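Enquirer: Quick one: this structure, given as structure tokens, is what I'll be asking you about.
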């Protein structure tokens, strides 16, 4: 009897210890501003260019100094951002630097560092260091000349400013409407089902985008990117309920069972289908479907997109 009580006390103590252990980092990571304000890139004086400096230089740029004209490709560049407050442990991976060249092609430059930098301006200023090269590589290199860059943080974006890629000039035009305004308007275009019933979750009082930046960032991490439908659902249900739905969803989906392949010899035989008389194999994709990762990859993407 004593042993059973001791075992029960031990389980209670262990559960309490785990709860306290997990609660400490959660409290320590409390976001000082959960509304995720829009990041603001610091401009060079009397210019539509971003205030930037070579990240390999020891000297910091003066707030009133003229804009640096251009930076060579693959160089490390520091730009400066305000109107944000980073949590403890939030660093370079919280930012995205996105650019557009004169051809309208979009690029993403890898962010390698972020730190607080005092520039003698009002408010807290952070330096974001990135490499002037495209990390996706879809379009090749940007066109030489002025490009427009913006900074994305927690799903919110700054306005776009100019920076020279290799040299300045070109046919690129500045944004007539600030990019952050266009982005916010796009988020607000999601359809709203109106209802006159008091307490109905589809009532306009329950629909809003005050924390849309946080939800977009969450969906970038927990799903295959944000959509208007997902954003509205999480707005109504909350993150905890949505996560519970995901964990309780059947896996794999009934319409997409896991591949059940027949056993084959370890080494690929001359006749994959086991018929030594008829050639070629039936089906002709026998080798691909049996001795490669194709069936697993095909199953995974069907499950990810439609499951």
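In my numbering, the protein residues as written are -9 to 297. Using N, Cα and C, we set each Cβ at its ideal position, and we do this for glycine too. Because the structure is a prediction, the values reported are computed rather than measured.
(1) Where DSSP assigns a beta bridge to residue 143, which residues make up the other side?
(2) Specify, as a first and last residue, the run of the alpha helix (DSSP H) that residue 290 falls within.
(3) Please return the same chain residues whose Cβ sits closer than 7 Å to the Cβ of residue 196, not counting the five positions on each side in sequence.
(4) Would residue 150 and residue 203 qualify as a contact pair, given that the criterion is a beta-carbon distance under 8 Å?
(5) Using alpha carbons as the reference points, say which of 287, 284, 164 and 295 lies closest to residue 92.
(6) Taking the beta strand (DSSP E) that residue 165 belongs to, which residues open and close that run?
(7) Please classify residue 120 as buried or exposed, where buried requires at least 16 other C-beta atoms within 10 Å of its C-beta.
(8) Let me check understanding here. Comparing Cα to Cα, which of 84, 89 and 282 lies closest to residue 105?
(9) Please report the straight-line C-alpha distance between residue 194 and residue 129, rounded to a whole angstrom.
(10) So the alpha helix (DSSP H) residue 224 belongs to, where does it begin and stop?
(11) Between which two residues does the alpha helix (DSSP H) containing residue 96 stretch?
(12) Pick helix, strand or coil for residue 44, following the three-state DSSP scheme.
(13) Going by Cα to Cα distance, which pick from 294, 68, 252 and 161 is closest to residue 213?
(14) State the beta-bridge partners of residue 135 as determined by DSSP.
(15) Under 8 Å, do residue 102 and residue 140 count as touching if we go by C-beta distance?
Expert: In terms of the structure at hand:
(1) 85 and 146
(2) 284 to 296
(3) Confidence at residue 196 is low in this model, with a pLDDT of 34, below 50, so its placement is unreliable and the value that follows should be read with caution. Excluding sequence neighbours, residue 196 sits near 226.
(4) no
(5) The shortest CA-to-CA distance from residue 92 to any of 287, 284, 164 and 295 is the one to 164.
(6) Residue 165 -> no beta strand (DSSP E), and no H or E assigned at all.
(7) buried
(8) 84
(9) Residue placement at residue 194 is flagged as unreliable, the pLDDT there being 38, under the threshold of 50; the coordinate-derived value follows with that caveat. So the two alpha carbons sit approximately 42 Å from each other.
(10) For residue 224, the enclosing alpha helix (DSSP H) starts and ends at 218 to 227.
(11) Counting along the chain, residue 96 falls outside any alpha helix (DSSP H), though it belongs to the beta strand (DSSP E) covering 96 to 99.
(12) strand
(13) 294
(14) 155
(15) no
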